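Please read the structure below before turning to the comments.
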Amino acid sequence: MCTAGRRWGRRQRVLLWGVLLAAWEAACGQLRYSVSEEMPKGSFVGDVAKDLGLQLLALQDHGVRVVTESTTQHFALHGKTGYLVTAERIDREQLCRLVEKCVVRCELVVEGEMKVYGIQVEITDINDNAPSFREAEKELRLSETTVPGSRFPLAEAHDPDLGRNSLQSYELSGDEHFSLAVQAGPGGDQRPELVLTKALDREEAAVHELVLRASDGGDPARTGTVRIRVTVLDANDNTPVFSQSEYMVRVPEDVPVGSVLVIVMATDEDEGLNGDMKYSFHKISDRASELFHLNSETGEITVKNDLDFEEIPSHELEVQARDGGELSDTAKVVITVTDVNDNEPKISMRSALSEISEDAPSGTVVALLHLQDRDSGSNGEVRCSLNGTVPFRLEKSFEHYYHVVTARELDREQVSEYNLTIWAADGGSPSLQSSTVLALRVLDVNDNAPVFTQERYSARLAENNAAGALVLTVRATDADWGQNARVRYRLSEGWVRGLPLSSYVSVQAETGALYALRSFDYEEVREVELWVRAEDGGSPALSSNVSVRLLIVDENDNAPQVLYPPPPPPAGAGWAGVELAPRSSEPGALVAKVVAVDADAGQNAWLSYELAKATEPGLFRLGLHSGEVRTARFPLARDAARHSLVVLVKDHGRPALSATATLTVLLADSVAELLAELGSSADAAAPGEPAASLTRWLVLAVAAVSCLFLAFLLLLLALRLRRWRRSQLLADTSGALRGVPATHFVGIDGVRAFLHSYSHEVSLTADSRKSHLRFSGGSYCDTLPARPLPDKPAPLLGEEDPASSRTKEPAVPPQAQPNTDWRFSQTQRPGTSGSQNGEEAGAWPNNQFDTEMLQAMILASANEAADGNSTLGGGNGTMGLSARYGPQFTLQHVPDYRQNVYIPGSNATLTNAAGKRDAKNAAPAGGNKKKSGKKEKK
Numbered sequence: 018m019c020t021a022g023r024r025w026g027r028r029q030r031v032l033l034w035g036v037l038l039a040a041w042e043a044a045c046g047q048l049r050y051s052v053s054e055e056m057p058k059g060s061f062v063g064d065v066a067k068d069l070g071l072q073l074l075a076l077q078d079h080g081v082r083v084v085t086e087s088t089t090q091h092f093a094l095h096g097k098t099g100y101l102v103t104a105e106r107i108d109r110e111q112l113c114r115l116v117e118k119c120v121v122r123c124e125l126v127v128e129g130e131m132k133v134y135g136i137q138v139e140i141t142d143i144n145d146n147a148p149s150f151r152e153a154e155k156e157l158r159l160s161e162t163t164v165p166g167s168r169f170p171l172a173e174a175h176d177p178d179l180g181r182n183s184l185q186s187y188e189l190s191g192d193e194h195f196s197l198a199v200q201a202g203p204g205g206d207q208r209p210e211l212v213l214t215k216a217l218d219r220e221e222a223a224v225h226e227l228v229l230r231a232s233d234g235g236d237p238a239r240t241g242t243v244r245i246r247v248t249v250l251d252a253n254d255n256t257p258v259f260s261q262s263e264y265m266v267r268v269p270e271d272v273p274v275g276s277v278l279v280i281v282m283a284t285d286e287d288e289g290l291n292g293d294m295k296y297s298f299h300k301i302s303d304r305a306s307e308l309f310h311l312n313s314e315t316g317e318i319t320v321k322n323d324l325d326f327e328e329i330p331s332h333e334l335e336v337q338a339r340d341g342g343e344l345s346d347t348a349k350v351v352i353t354v355t356d357v358n359d360n361e362p363k364i365s366m367r368s369a370l371s372e373i374s375e376d377a378p379s380g381t382v383v384a385l386l387h388l389q390d391r392d393s394g395s396n397g398e399v400r401c402s403l404n405g406t407v408p409f410r411l412e413k414s415f416e417h418y419y420h421v422v423t424a425r426e427l428d429r430e431q432v433s434e435y436n437l438t439i440w441a442a443d444g445g446s447p448s449l450q451s452s453t454v455l456a457l458r459v460l461d462v463n464d465n466a467p468v469f470t471q472e473r474y475s476a477r478l479a480e481n482n483a484a485g486a487l488v489l490t491v492r493a494t495d496a497d498w499g500q501n502a503r504v505r506y507r508l509s510e511g512w513v514r515g516l517p518l519s520s521y522v523s524v525q526a527e528t529g530a531l532y533a534l535r536s537f538d539y540e541e542v543r544e545v546e547l548w549v550r551a552e553d554g555g556s557p558a559l560s561s562n563v564s565v566r567l568l569i570v571d572e573n574d575n576a577p578q579v580l581y582p583p584p585p586p587p588a589g590a591g592w593a594g595v596e597l598a599p600r601s602s603e604p605g606a607l608v609a610k611v612v613a614v615d616a617d618a619g620q621n622a623w624l625s626y627e628l629a630k631a632t633e634p635g636l637f638r639l640g641l642h643s644g645e646v647r648t649a650r651f652p653l654a655r656d657a658a659r660h661s662l663v664v665l666v667k668d669h670g671r672p673a674l675s676a677t678a679t680l681t682v683l684l685a686d687s688v689a690e691l692l693a694e695l696g697s698s699a700d701a702a703a704p705g706e707p708a709a710s711l712t713r714w715l716v717l718a719v720a721a722v723s724c725l726f727l728a729f730l731l732l733l734l735a736l737r738l739r740r741w742r743r744s745q746l747l748a749d750t751s752g753a754l755r756g757v758p759a760t761h762f763v764g765i766d767g768v769r770a771f772l773h774s775y776s777h778e779v780s781l782t783a784d785s786r787k788s789h790l791r792f793s794g795g796s797y798c799d800t801l802p803a804r805p806l807p808d809k810p811a812p813l814l815g816e817e818d819p820a821s822s823r824t825k826e827p828a829v830p831p832q833a834q835p836n837t838d839w840r841f842s843q844t845q846r847p848g849t850s851g852s853q854n855g856e857e858a859g860a861w862p863n864n865q866f867d868t869e870m871l872q873a874m875i876l877a878s879a880n881e882a883a884d885g886n887s888t889l890g891g892g893n894g895t896m897g898l899s900a901r902y903g904p905q906f907t908l909q910h911v912p913d914y915r916q917n918v919y920i921p922g923s924n925a926t927l928t929n930a931a932g933k934r935d936a937k938n939a940a941p942a943g944g945n946k947k948k949s950g951k952k953e954k955k
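With positions in the sequence shown counted from 1, the corresponding number in this note's numbering is that position plus 17.
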């Protein structure tokens, strides 16, 4: 009972050691199995999935396969069960000719995990081969004098099986003269010998038939036979003897075919036929018989086919020398094949990726390589390298396996594809090399934002463009690929004149073309600043912005607008644009000034004046750029009293636009001449009235003129008294300003010309029609009027006089801002000499004292205009001053036209000493920009 327990414990320990050994081999990556030869295809070898601890689903997903170094695939992996099975019928004797232990090595490669496992399968032998002899019949010639007990070597049987299945015994049958003796060779092999047990007698039996049978130890046993024919000859008492019992030869594997390796030589002391020897192979393998040839006459052993060290490194041959008397001797020939570096390294791509993302981390495995060199020693030592400077490196994985991994981060925008050339070189001299190419495509990642081809864009667009006109095209490029490089454009939010930017322009999302959605007007919008965003199609998307500046180019779409003289009133309403000039005017005396503006800019707003028509062509001349009408010569007595001038105002656009203005100039030195001209004008105004009506109107006109004349005299007297009183007040209250010219107090641009008082000696009255005459020979006074009383405030600039509301003239349209694109030179710019600069709006003085003086003068002028009997101003019944010098022609009507200031009857032009009109903006009350001429036409 105890013995059984000990035996059972011993078995458990052996089983445990076997399990531990299998587990250790699996942990080291080596699996060992055994399978019998000649098993049918698909026979079970081992459970690889269980031994490696792999799941069946993982085997299917990760692409597991079995690879081997040989060209023949002996084993395969069953995908559904994970078993290692035979891929074909295996013959151990063919697979392992000279190897006692036949082990086939293969590798299990897991492509998805880039792992490899070694597998060793031992092929066990079965008794599938019977012993066989090289020749089916053997003939021996023995002399009848052969001594009994002589031994004669027989042909050995060959059995490729191993162990008990190999050759085990020999048996001889057939004749009592012979027996069988089996000798053990140096390697443990059995060598049969024929032993002569009884003397031969040729006369008794000339031929003896024997059968040699060889048996193996299989179950059942297999046998092979050879027939031995012994011919009895006459006596031959000397046997051949080799010079060496063993010949050793070393030959490189690249020895040329036909080369002599060794010459065996044997001697025989007999003469004649008994001393004539023949050489033959006594023992040789099938492969050696294909490689070597023995000359039977000379004993030369030559190379018949190419040798291969990697196939068989050494060969053992037995050579027999036989004389004519059938006596023989044997010698052993050992041919050692030395290695030559005749095999280049072989690179096998076990697993490889074809694509890799550019953001893959460093150390990512992209390929699994296997290197093999069939040479030995230094000739079989292989070094592996990558060609060129590439972001990859090689790492050794398992024995002759290498990993190709990334050495740093990749950038598809620099290199989109890699053709990695992998070189393998052995250590031979000279070294042999081989290479393989790994094609790897880098997948794109959205890591580049779109980049515009320009840092900023600008375009010029002519105004009045058609809606939908192409402005310009922006373009951005993205270094990425595919969807990540698809760029779309859109506008950033913005506002233009209170409207969304998208209502003015749009951008085509695919092409980047910028279109104008509406017609632009230079007078409203001169430039548009916008931002265009380019966004790629990545996830997340990347974008960039670019500034686009759109400049609106002016076109000549606005005709000049005449501000003075005003347009003629309706028929029968009176005279318009009447200027007075004394007949005593000198050449060059300023008579009138035509004032016009153009809403355009630049050359399109540069105006020139031409005298298109005149009653007396040589009497007046017109300034080309100033619009000033001056006398060209002394007026003559024969010159008509009333002159009509038609002035053509043109801009410099292409094509040029123009406007006309009509001026009426009256030449008169006395009241009689003025009345006569007035009467003739009245007659011309109503030629179709009956005589009674005309007489009635003439009486009324004379009465009105008389009343106006009387009022004018009273007004002159009041003005003289007021000036005297003001001078007294200034002398008492403003002693600090004594001696300073009055012009120094009036320095406001745009209004200075209208703050001077013009006193005339004669003023005539007419009927209720709105007639305006100006007598140019009056006196000029620089003295400011006195400040009005606070209980009766005068109307401010731009307000309407209550006294004249009943006979209000037609409203003058608001004037546009002066065009600053074209200016007069300093000598051409009119204005009060020595005047000071105004404030920013150009409407008021720049100190408190000037402001009070200006307000006082304006209020005084307004009080005078409000007086019903006043002969100044432009109210009803006034025939003294022109309409543009009356209180109604305030800053509201003339924002900033300093070039309009002139002194009738004089050749002096007031200039602006400060010269800073262009640096100031218009006053808020009168500086609103007039709309363009094309809008007025609507």
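C-beta: ideal position from N, C-alpha, C; glycine also.
Please read all numbers here as calculations on a predicted model, not as lab measurements.
Test item: CB-CB of residue i and residue j under 8 Å
i, j, result
"residue 281", "residue 348", "yes"
"residue 388", "residue 420", "no"
"residue 616", "residue 573", "no"
"residue 531", "residue 491", "yes"
"residue 467", "residue 553", "yes"
"residue 567", "residue 549", "no"
"residue 686", "residue 600", "yes"
"residue 542", "residue 513", "yes"
"residue 164", "residue 123", "no"
"residue 664", "residue 636", "no"
Three-state secondary structure assigned by DSSP to residue i
i, result
"residue 621", "helix"
"residue 165", "coil"
"residue 63", "strand"
"residue 150", "coil"
"residue 210", "strand"
"residue 719", "helix"
"residue 259", "strand"
"residue 241", "strand"
Rounded C-alpha distance that separates residue i from residue j
i, j, result
"residue 337", "residue 314", "12 Å"
"residue 130", "residue 79", "7 Å"
"residue 551", "residue 448", "57 Å"
"residue 302", "residue 331", "12 Å"
"residue 407", "residue 437", "8 Å"
"residue 49", "residue 182", "24 Å"
"residue 363", "residue 278", "31 Å"
"residue 270", "residue 354", "6 Å"
"residue 533", "residue 641", "40 Å"
"residue 435", "residue 134", "29 Å"
"residue 680", "residue 727", "29 Å"
Where the alpha helix (DSSP H) through residue i begins and ends
i, result
"residue 109", "109-112"
"residue 307", "303-308"
Proximity to residue i [Cα-Cα], best of the options
i, options, result
"residue 119", "142, 413, 100", "142"
"residue 295", "344, 48, 333", "344"
"residue 211", "221, 166, 232", "166"
"residue 159", "614, 224, 679, 351", "224"
"residue 206", "191, 233, 194", "233"
"residue 673", "625, 716, 681, 651", "625"
"residue 194", "185, 249, 153, 200", "249"
Span of the beta strand (DSSP E), counted from its first residue to its last, around residue i
i, result
"residue 374", "372-374"
"residue 573", "It is not in any beta strand (DSSP E) - residue 573 carries neither H nor E in the DSSP assignment."
The ligand GTP heavy atom lying under 7 Å from the CB of residue i
i, result
"residue 622", "Although the ligand GTP was asked about, the structure shown includes no ligands whatsoever."
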